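Written below as structure tokens is the structure these notes are about.
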Amino acid sequence: MGNQTFTMIKPDAFADGHSGAILDMIIKAGFSIKAMKLLRITAEQAGQFYAVHKERPFYNDLCNYMSSGPIIAAVLEKENAVADFRKLIGATNPADAAEGTVRKLFAKSIEANAVHGSDSDENAHIESDFYFSKLERV
Ligand code: IDP
Ligand code: MG
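Next up, the structure:
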């Protein structure tokens, strides 16, 4: 059971002013923030991050969307972090997300779905290392 996961507050949620509410939910759910930054990525960088999806029909749109405005990237710590965070954010498609989840509350569509959450311990490490150096973590 891993104790870290990686998240992004995506461009739609940041632009709509939901970052504070989302971070509040994350902290109240028992996650501690180990690294965090506000940044804007290029479509090429988004393409690298989401390379696993490059054969999917939504890949190009996703890369353009993720580079369309500022995002907040963060490393979070909690026992069972990956699974507990996926539960907190809800299903990819907000139409399927459970009541009270971040995506149910703040996602606009299956693409603009407010937040990212890693899907495995291995990917949590890879994704955290994509955004943060050792010196940027507490
Ligand atoms: P996840 O973020 O819940 O892990 P993934 O299947 O890994 O979902 O997809 C990565 C991201 O790609 C999603 O969060 C969403 O922004 C976007 N996405 C996934 N499926 C679709 C789709 O069918 N249409 C448009 N965008 C999608
Ligand atoms: Mg995923």
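Position in the sequence shown (first residue = 1) + 62 = my numbering. The beta-carbon is built from N, C-alpha and C at its ideal position, and this holds for glycine as well. Since the structure is predicted, the reported quantities are computational estimates derived from the model, not experimental observations.
Residue i CB to nearest heavy atom of ligand 4 below 7 Å
{"i": "L150", "result": "Ligands in the displayed structure: ligand 1 and ligand 2; ligand 4 is not one of them."}
Closest by C-alpha distance to residue i, when choosing among the options
{"i": "L101", "options": "A113, M70, P119", "result": "M70"}
{"i": "E139", "options": "S94, G179, Y127", "result": "S94"}
{"i": "E106", "options": "M98, D123, H178, K96", "result": "D123"}
{"i": "F168", "options": "P73, F111, G109, H80", "result": "H80"}
{"i": "G179", "options": "E161, A135, I103", "result": "A135"}
{"i": "E84", "options": "A186, N155, D146, V164", "result": "For the sequence presented, residue 84 should be read as Ile rather than Glu. Closest by alpha carbon: V164."}
{"i": "E189", "options": "E173, A97, G82, A160", "result": "A97"}
{"i": "S171", "options": "T154, V114, G109, R118", "result": "T154"}
{"i": "S182", "options": "R148, G82, Y127", "result": "R148"}
{"i": "F192", "options": "A113, D158, G152, A176", "result": "A113"}
{"i": "F76", "options": "A160, H187, N175", "result": "N175"}
{"i": "A157", "options": "N142, E117, E173", "result": "E173"}
DSSP-derived helix/strand/coil call for residue i
{"i": "F147", "result": "helix"}
{"i": "I172", "result": "coil"}
{"i": "P132", "result": "coil"}
{"i": "V200", "result": "coil"}
{"i": "D158", "result": "helix"}
{"i": "A77", "result": "helix"}
Start-to-end residues for the alpha helix (DSSP H) that takes in residue i
{"i": "V164", "result": "164-168"}
{"i": "E106", "result": "105-111"}
{"i": "K90", "result": "81-90"}
{"i": "N126", "result": "121-128"}
{"i": "E184", "result": "183-193"}
DSSP beta-bridge partners of residue i
{"i": "A97", "result": "V137"}
{"i": "H178", "result": "M70"}
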